[in-house]
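Quick notes on the structure that follows.
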Amino acid sequence: MPNEERCGIYQIDHELLFDFDEQTVNKQEIDQKMEFISQNLLTYLDEILNDKDRDSIMEAAKKAILKTLKDECGIVDFDDLVKKSDNDFDSIYEVLKPIQDYYWLSDDDMESFLEMLEYEF
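For our numbering, count along the sequence shown from 1 and bump the result up by 48.
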C-alpha cells in the first residue's frame with residue numbers, strides 16, 4: 049500500500065455512530081469523534097506484540113522521530129539536524145510534538161533521542 053507508514057490507525061466507539069444522522073453527517077463530525085491509536089499499522093502491531101514495554105516504545109519512538117525528521121524536515125544527517133536546529137528549532141519541535149505526545153516522552157527523553165541520532169543517520 050503506498051504511504052502505508054503514513055496511514056494512522058484510528059478508532060471510534062460504534063455507539064457514537066448511532067448518534068449521527070446518516071443523511072446530513074459530514075466527515076468533520078465523524079473525524080472529531082475518532083480516537084488516534086497509532087501512527088501506522090506496523091507501529092500498532094509492534095505495540096501489541098511487545099505489550100508496550102518501555103524498550104519497545106523507546107525503539108518505536110526513535111524510529112518515528114528519525115523518519116519524521118527525514119520525511120518532513122528534509123534532514124539527511126546529524127550535521128544537518130544540528131544546523132537546522134540552530135536556525136529554527138521551534139519548527140522541528142512542532143513536527144516532533146505529536147510523536148512526543150503519543151509516546152508520552154518527556155522533554156528530557158526528546159533531548160536524549162535527538163542526541164542519540166548522531167549515531168542513527
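Just so you know, even glycine gets a beta-carbon here, dropped at the ideal spot from N, CA and C.
{"Item": "Return the first residue and the last residue of the alpha helix (DSSP H) that residue 126 is part of.", "Value": "126-150"}
{"Item": "Please confirm if residue 125 has its CB atom under 7 Å from at least one CB of chain D.", "Value": "The chain inventory of the structure shown lacks chain D, comprising one protein chain alone."}
{"Item": "For the candidate residues 153, 50, 81 and 75, whose alpha-carbon lies nearest to that of residue 62?", "Value": "81"}
{"Item": "Buried or exposed, going by whether 16 or more other CB atoms sit within 10 Å of the CB of residue 151?", "Value": "buried"}
{"Item": "Residues bridged to residue 58 by DSSP?", "Value": "84"}
{"Item": "Should residue 86 be labelled buried (16 or more other beta-carbon atoms within 10 Å of its own) or exposed?", "Value": "buried"}
{"Item": "What does a CB cutoff of less than 6 Å around residue 148 pick up in its chain, not counting 5 residues either side in sequence?", "Value": "158"}
{"Item": "Whose CA, out of 110, 84, 117 and 164, lies closest to the CA of residue 55?", "Value": "84"}
{"Item": "Applying the 10 Å Cβ sphere with the 16-neighbour rule, what's the burial state of residue 91?", "Value": "buried"}
{"Item": "To which residues of the same chain is residue 94 closer than 7 Å at the C-beta, ignoring the five residues directly before and after it?", "Value": "104 and 108"}
{"Item": "Alpha carbon to alpha carbon, how far is residue 138 from residue 154? Give it in angstroms, no decimals.", "Value": "16 Å"}
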